[in-house]
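Undergrad: Reading the sequence shown from the start, the letters are residues 2 to 398 in this note's numbering. One structure follows; several queries about it will come next.
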Amino acid sequence: PPGTKPPDVVEFVAFSAACGWDRGDCEVPGFKDCHVKDTKLIGNGICNGRNYNTEECGWDGGDCISWNKKFPNCKDRDEEGQKKLGDGLCQNENNVLRCGWDGGDCIIFNAKYPECSVAEPFRVGNGFCNSNDTAYNTSDCGFDGGDCIGIMNSFNINFPDCKMDEPERIGDGICDGYGNTRECGFDGGDCLFFNAQIKARYPNCTGEYSYIGNNICDHETNKAECGWDGGDCEEFNRLYPNCTVENPLAVGNGYCNGHDYNTLECSYDGGDCKFYQLFPNCTVYQYWKIGNGDCDPYPYNSPECGYDGGDCDEFNRFYPNCRVEYPSLVGNGYCHGGEYNIPECGYDGDDCEEFNRLPNCNVEYPMWVGDGACDGGEYNTPECVYDGGDCREFNRL
């Protein structure tokens with residue numbers, strides 16, 4: 002909600018020269034000019050990098066000396082980045098000259114595939130074909146370091162247009178429906194017998210044989226010549242005999258697809274578009290907000306939308322002239338000020354009753370006053386009773 006403070010805002014502000022580096026808590030003994038957030042990390046045996054790996058901090062209390070000798074120009078890596086250097090896996094972010102080509106991990110990769118640009122180089126040649134990301138399965142990357150060559154000697158040569166997540170299943174002796182296409186050689190020949198059976202059963206069927214009898218109702222083969230998709234569409238046709246949509250599987254899937262689906266013939270998308278039956282003149286984009294328990298502003302809170310499907314009935318009864326962006330914030334226990342803190346909105350549903358006792362306190366986020374954390378500036382003033390008392394201890398220091 003508006004006015005929410007980041008949880009670390011106080012700690013972050015204290016970590017500055019203006020606050021005396023948190024009153025000296027962030028100065029490292031023995032390193033006068035070293036100012037870091039966690040002094041305990043200095044000299045703990047681990048090179049923490051970045052602000053710790055500086056001359057003022059004694060190169061992290063000596064922890065980074067060995068690292069700096071190896072990679073003198075790669076000091077900007079954090080602890081996690083340093084762990085990846087020389088770990089045996091070629092990482093993209095460290096594959097630069099100043100970091101020794103990832104501590105040597107990328108030297109062989111760069112020599113074999115100088116034009117290969119992928120997010121995770123260590124996956125090239127790992128024994129698994131990453132064909133779902135086309136960047137790996139290219140000639141520049143050696144067809145994923147040979148992983149995408151496939152069982153039939155050369156997957157890419159025999160089936161250049163076949164896109165499968167697991168190309169090793171091509172020609173494995175089992176007919177896989179998603180590989181039963183011309184581009185994949187009808188699963189490398191595994192589906193030829195199945196296709197012959199389908200053709201004999203439905204000789205006049207024109208369409209993709211792999212769709213028939215796969216337990217999914219497919220529009221293309223949902224016709225008498227194909228046995229109503231090998232029986233897959235019998236239930237759909239019984240429920241919606243006059244519904245002719247491109248994707249029958251989307252009917253009744255819990256999401257209102259609109260257009261051709263949202264018709265009487267398709268039972269208003271199998272009931273998913275019931276909202277339009279109830280509110281035919283309601284034109285909103287996020288229709289699922291209607292009747293979800295939260296009062297949303299206009300155009301949801303309008304007669305055409307049934308006052309947000311009834312969600313705004315109580316709000317409208319109490320605050321008929323309140324026009325705010327987030328009605329659900331009214332009376333939620335936090336004073337939001339501004340357009341919320343007016344008579345028409347019941348002074349934010351009485352949430353601002355306490356704050357309004359400070360008539361001369363003008364701040365952007367009233368909810369911060371008296372929230373237990375000292376906020377400076379206009380909050381820490383007599384008019385705001387020193388942030389509702391939150392700054393009393395701070396002001397005594």
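Each residue gets a CB set at the ideal place from its N, CA and C atoms; glycine is no exception. In this text, all values refer to a predicted model and were calculated from it rather than measured experimentally.
(1) Where does Lys164 sit, in a helix, a strand or coil, going by DSSP?
(2) Would Asn381 and Asp388 qualify as a contact pair, given that the criterion is a beta-carbon distance under 8 angstroms?
(3) Please confirm if the segment 218-227 is in contact with the segment 178-194, defined as three or more CB-CB distances below 8 angstroms between the two stretches.
(4) Report all residues from its chain with a CB closer than 6 angstroms to the CB of Glu266; omit the five preceding and five following residues, and keep chain order.
(5) Taking buried to mean at least 16 other C-beta atoms within 10 Å of its own C-beta, is Trp289 buried or exposed?
(6) How do the segment 362-377 and the segment 389-397 stand: do at least 3 beta-carbon pairs fall below 8 angstroms, yes or no?
(7) Between which two residues does the alpha helix (DSSP H) harbouring Trp369 extend?
(8) Sorted by chain position, which residues of the same chain lie with C-beta nearer than 6 angstroms to Glu379's C-beta, five sequence neighbours on each side aside?
(9) Spatial neighbours of Gly255 within its chain, please: C-beta separation below 8 angstroms, excluding the five flanking residues on both sides.
(10) In three-state DSSP terms, what is Val325?
(11) What separation, rounded to the nearest whole angstrom, lies between the Cα atoms of Cys283 and Val252?
(12) From Gly311, Cys75, Pro115 and Tyr308, pick the residue whose C-alpha is nearest to that of Gly104; which is it?
(13) Under the three-state reduction of DSSP, which class applies to His220: helix, strand or coil?
(14) Can Tyr308 and Asn322 be called in contact, C-beta distance under 8 angstroms?
(15) Apart from the five residues just before and just after Leu398, which ones in its own chain have a Cβ nearer than 6 angstroms to its Cβ?
(16) Could you give the distance in angstroms between the alpha-carbon of Thr1 and the alpha-carbon of Trp60?
(17) Is Gly89 helix, strand or coil by DSSP?
(18) Look at the alpha carbon of Gly128 and the alpha carbon of Thr55, and state the distance between them as a whole number of angstroms.
(19) Could you spell out where the alpha helix (DSSP H) holding Asp141 opens and where it closes?
(20) Are the beta-carbon atoms of Gly126 and Gly147 separated by less than 8 angstroms?
(21) Just reading off the alpha helix (DSSP H) that Ser268 is part of, what are its end residues?
(22) Val119: which of Glu384, Tyr137, Asn52 and Gly338 sits nearest, CA to CA?
(23) What runs of the alpha helix (DSSP H), each 4 residues or longer, lie entirely inside the segment 46-77?
(24) How should Val97 be labelled, buried or exposed, when 16 other C-beta atoms within 10 angstroms of its C-beta is the threshold for buried?
(25) Assuming contact is defined by CB atoms lying nearer than 8 angstroms, are Asp162 and Asp177 in contact in what I supplied?
(26) Would you mind sorting Gln278 into buried or exposed? The rule is 16 or more other CB atoms within 10 Å of its CB.
(27) For the segment 309-365, which segments carrying the beta strand (DSSP E) assignment without a break, of at least 3 residues, lie completely within its bounds, in sequence order?
(28) Taking the beta carbon of Ser211 as the centre, do at least 16 other beta carbons fall within 10 Å, making it buried, or is it exposed?
(29) Using the rule of at least 16 other Cβ atoms within 10 Å of the residue's Cβ for burial, across every protein chain shown, is Ile43 buried or exposed?
(30) So, helix, strand or coil for Phe129, using DSSP?
(31) Count the other C-beta atoms from every protein chain shown that fall within 10 angstroms of the C-beta of Ile152, then say buried if there are 16 or more, exposed otherwise.
(32) Taking 8 angstroms as the cut-off, decide whether the C-beta atoms of Gly334 and Asp352 are in contact.
(33) With a 10 Å radius around its C-beta and 16 neighbouring C-beta atoms as the bar for buried, classify Asp297 as buried or exposed.
(34) Taking DSSP as the reference, what is the three-state secondary structure of Pro122?
(35) Is it buried or exposed for Ala18, if we count other Cβ within 10 angstroms and need 16 for buried?
TA: With the structure as the only source:
(1) coil
(2) yes
(3) no
(4) Asn243 and Cys244
(5) exposed
(6) yes
(7) Premise fails: Trp369 is in no alpha helix (DSSP H) and is neither H nor E.
(8) Val364
(9) Asp273
(10) coil
(11) 22 angstroms
(12) Cys75
(13) helix
(14) no
(15) none
(16) An answer regarding residue 1 cannot be provided, because it is not within the stretch 2 to 398 covered by the chain.
(17) coil
(18) 42 angstroms
(19) Unbroken run through Asp141: none, as it is neither H nor E.
(20) yes
(21) Ser268 to Gly271
(22) Tyr137
(23) 59-62 and 66-71
(24) exposed
(25) no
(26) exposed
(27) none
(28) buried
(29) buried
(30) coil
(31) In this predicted model, Ile152 has a pLDDT of only 42, less than 50, meaning its place in the structure is not dependable; the value taken from the coordinates is given anyway. Ile152 should be labelled exposed.
(32) yes
(33) buried
(34) helix
(35) A caution first: Ala18 carries a pLDDT of 42, below 50, which makes its placement in the model unreliable, though a value can still be read off. Ala18 is exposed by the Cβ-count criterion.
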